[in-house]
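Under the numbering used here, the residues of the sequence shown are numbered 6 to 93, in order. C-beta: ideal position from N, C-alpha, C; glycine also. What you are looking at is a predicted structure, and each value in this text was computed from that prediction instead of being measured. Structure, as structure tokens:
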Amino acid sequence: MTDPDLDEEPAEHGRYRRYLQDLDGVAEANEADLVTTVLRDPVMSMAQAAVNHHLERRAAQLLTDPAFTAWAQMMATRSPTDRSSPAG
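Spelled out as structure tokens, the structure:
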């Protein structure tokens, strides 16, 4: 016998997967805003994990690209504690 409450996946697991998919496919022009949106998730540890995964992947892709410095500076302005609206 199983407990249905224990068998259900927590909602944040689904959001984490969706965030990774969204971050993987985001256009460069929308990347910083999406990072900020993810960081507004109520489960901060999950949001930070998704963003960290994305940043590590993107940094590896851009490391030898001349655009790396500008990208790193832009991402550095997105704080895990910043839950305000992105500048628009």
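Secondary structure note for leucine 39: its alpha helix (DSSP H) is the uninterrupted segment 33-44. A residue is called buried once 16 or more other Cβ atoms fall within 10 Å of its Cβ, and alanine 72, having fewer, is exposed. For glutamine 78, the closest of Arg62, Ala37, Ala32 by C-alpha to C-alpha distance is Ala37.
When secondary structure is reduced to three states using DSSP, aspartate 29 falls in the helix class.
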